[in-house]
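This report concerns only the one structure given below.
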DNA sequence: CACTTTATGAAATAAATTTACATAAATACT
DNA sequence: AGTATTTATGTAAATTTATTTCATAAAGTG
């Protein structure tokens, strides 16, 4: 919790002198962060140790640490929240709301991801003989994006958004192949079947999906970026953005694992596009 | 400006010792705000006065004041750009870095977008007879996603990631049609041509691209979500996520403009998927 | 109203930061 | 190349700032 809120909340439980400090701080926190303990004590008409004790009471290590917390409370204030779009919102308003929701959800997704599992997934991917990315609907886009990234690594990579192709591809998979199945809910029957087929054919299955879902049960490794999907508009929004961030992370882990020499290759791929572009004038 | 960004920006103008401090700070700013000047100096293998001078160089009053600024940079809501992944990062570290960059870039994109133009674009889209989304490479994914969203609105919508199909489609366009061209750089020759063809055939062209680019010049409306693309790994990352957020915004604007009755339709589309899913047990 | 607990402040101590100065490194100019 | 000059860095002392200790005062309790 924000330390300013904390001061307000606990105000009633403070002693007489502590209240004096609290009042001075609440009156102009921005001034306090630049004041020494001596000057704050003087402003509040109490002694320096009292200020120090006040800081500790608020679970900080001492006065300087307290100022740090105060500074953070003052910075930008508003944490990201999921804000719902309203019927009468202006373009300005819904633009802000959507960005804020997206940010809030990314923050949430970040917290929900387990670095150990990511590391394991990267392990598996770097050793793969062939990588397949499968998704349907909005998740197809994520699979599509993953292909666009991983093909640069010069590993055999395929992507299908057609359930039949996915099935056929899975049936042909075997040990050493990695199949990445992407589904926000993890409840899309055909995709669960595809995962099952892949696994029965000894492929390693990585799921980017909800941890407790039927799809998750078919996976060797489950990565689940959790978001509070905005269901107001019945469209996948935050989920796919979090999934894309995860793809970035996996791709980054992959390149890091392969070392710097490997990254020169990436530059080549990028440079190969140059001739199809208009040059910058600057 | 955020002091962390400032350190990153001015890094090249630092002296040898200053760079050492900067590196330590950038590597783990959260640790630094709890460190004394002595411990930071030791970590960076330089003397305490050098740290102090470093702080002043960044327009702070001294080390404690510098820490205050740093704390504010780190506070909620101010993620920072350009946290470059490092060769030796752990999964935990690069995961954090990528999320932070993504958040910072979304924040940046949000600031760069003009609500008036968004409103205009929504206007045009709601009145369109047919909407086409065109992109190549990483932007193809964004176009793909846009189709996935807009087809729910029951308007004729197409998406192509094939340059020939894009050309043919553009040649056949006419007044009342809207073509949305997506390209981060706006310098991909074939796509610029496509935009030109569309415009010559009286379609309205909306560009999701860099404002000053050749592609932007061919557009009737230009929406340019600006991001500081991380070029370390030669892969499009933040740009496409910002573009997707913009698609969400346009789609949201579209549904709001169409009114609540229209949104019942969206629910129907979503419900139509139900039979293909495993039910939740809860 | 005595007694205990809790709160507060003065002074001493400890810690951290800054200044002043000396030396070393880098750069520019013969 | 060699010297002069500027710029960068470190050592040690001085200063500022924060914390601890301990004594005293206020508040609460039976």
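Protein chains in written order, with UniProt numbering: chain A, 1 to 282; chain B, 1 to 282.
Glycine included, every Cβ here is placed at the ideal spot set by N, Cα and C.
Just so we're clear, the structure is a prediction, and the values are computed from it rather than from any experiment.
As DSSP reads the structure, residue 131 of chain A sits in a beta bridge with A:157, A:178. Within 10 angstroms of the beta-carbon of residue 254 of chain A lie 16 or more other beta-carbons, which makes it buried. Secondary structure at residue 51 of chain A: helix, using DSSP grouped into helix, strand and coil.
Between the alpha carbons of residue 4 of chain B and residue 52 of chain B lies a gap of roughly 16 Å. Under the Cβ criterion of 8 Å, residue 31 of chain A is not counted among the residues facing chain B.
Judged by beta-carbon spacing, residue 185 of chain A lies within the 8 Å limit of residue 210 of chain A, meaning their Cβ atoms are closer than that value.
DSSP places residue 209 of chain A inside the beta strand (DSSP E), whose first and last residues are 204–209. Within the same chain, 108, 109, 112 come within 7 Å of residue 226 of chain A by CB-CB distance, once the 5 residues on both sides are set aside.
Beta-bridge partners of residue 223 of chain B (DSSP): B:208. Taken through DSSP and simplified to helix, strand or coil, residue 102 of chain A comes out as helix. Pairing residue 197 of chain B with residue 243 of chain B gives a Cβ-Cβ distance that is not under 8 Å. Residue nearest to residue 217 of chain A within the set A:132, A:238, A:194 is A:194 (criterion: CA-CA distance). Cβ-Cβ distances below 6 Å link residue 163 of chain B to 190 in the same chain, with the five nearest sequence neighbours on each side left out; the list follows chain order. At a cut-off of 8 Å between beta-carbon atoms, residue 89 of chain B makes contact with chain A. Note that the C-beta distance between residue 41 of chain B and residue 50 of chain B is below 8 Å.
Looking at the backbone, the Cα of residue 256 of chain A and that of residue 129 of chain A are separated by about 18 Å.
Taking 8 Å as the cut-off, the beta carbon of residue 2 of chain A is found closer than this to the beta carbon of residue 73 of chain A. The Cβ-Cβ distance between residue 141 of chain A and residue 145 of chain B falls below 8 Å. Less than 8 Å separates the beta-carbon of residue 240 of chain B from that of residue 139 of chain B. Along the UniProt domain "HTH rpiR-type" (1–77) of chain A, the alpha helix (DSSP H) occurs as fully enclosed runs of 4 or more residues at 3–10, 16–27, 29–32, 37–44, 48–57, 63–74, listed in sequence order. In the DSSP assignment, the residues bridged to residue 183 of chain A are A:209.
Residue 187 of chain B sits buried, since 16 or more C-beta atoms from the chains shown fall within 10 Å of its C-beta.
Across the set A:6, A:205, A:92, A:115, the C-alpha of A:205 shows the shortest separation from the C-alpha of residue 132 of chain A.
Between residue 37 of chain B and residue 68 of chain A, the gap from beta carbon to beta carbon reaches 8 Å or more. Under the Cβ distance rule, residue 184 of chain B does not count among the residues neighbouring chain A, no pair being separated by less than 8 Å. When the beta-carbon positions are compared, residue 182 of chain B and residue 150 of chain B stay at least 8 Å from each other. By alpha-carbon distance to residue 99 of chain B, the top candidate from A:106, A:99, A:94, A:96 is A:106. The C-beta distance from residue 70 of chain A to residue 6 of chain A rounds to 10 Å, too long to fall under 8 Å, and the pair is not in contact. Residue 136 of chain B and residue 161 of chain B do touch by the CB rule: their CB atoms are close to 6 Å apart, below 8 Å. A straight line joining the alpha-carbon of residue 213 of chain A with that of residue 88 of chain B spans about 34 Å. The Cβ of residue 206 of chain B sits no closer than 8 Å to any Cβ of chain A.
Flagged as an interface residue toward chain B: residue 148 of chain A, by a C-beta distance shorter than 8 Å.
If you ignore the 5 residues before and after residue 119 of chain A, its C-beta comes within less than 8 Å of the C-beta of 253, all in its own chain and listed in chain order.
Taking the CA atoms as reference points, residue 15 of chain B sits about 45 Å from residue 249 of chain B.
At the C-beta level, residue 64 of chain A and residue 29 of chain B stay beyond 8 Å of one another.
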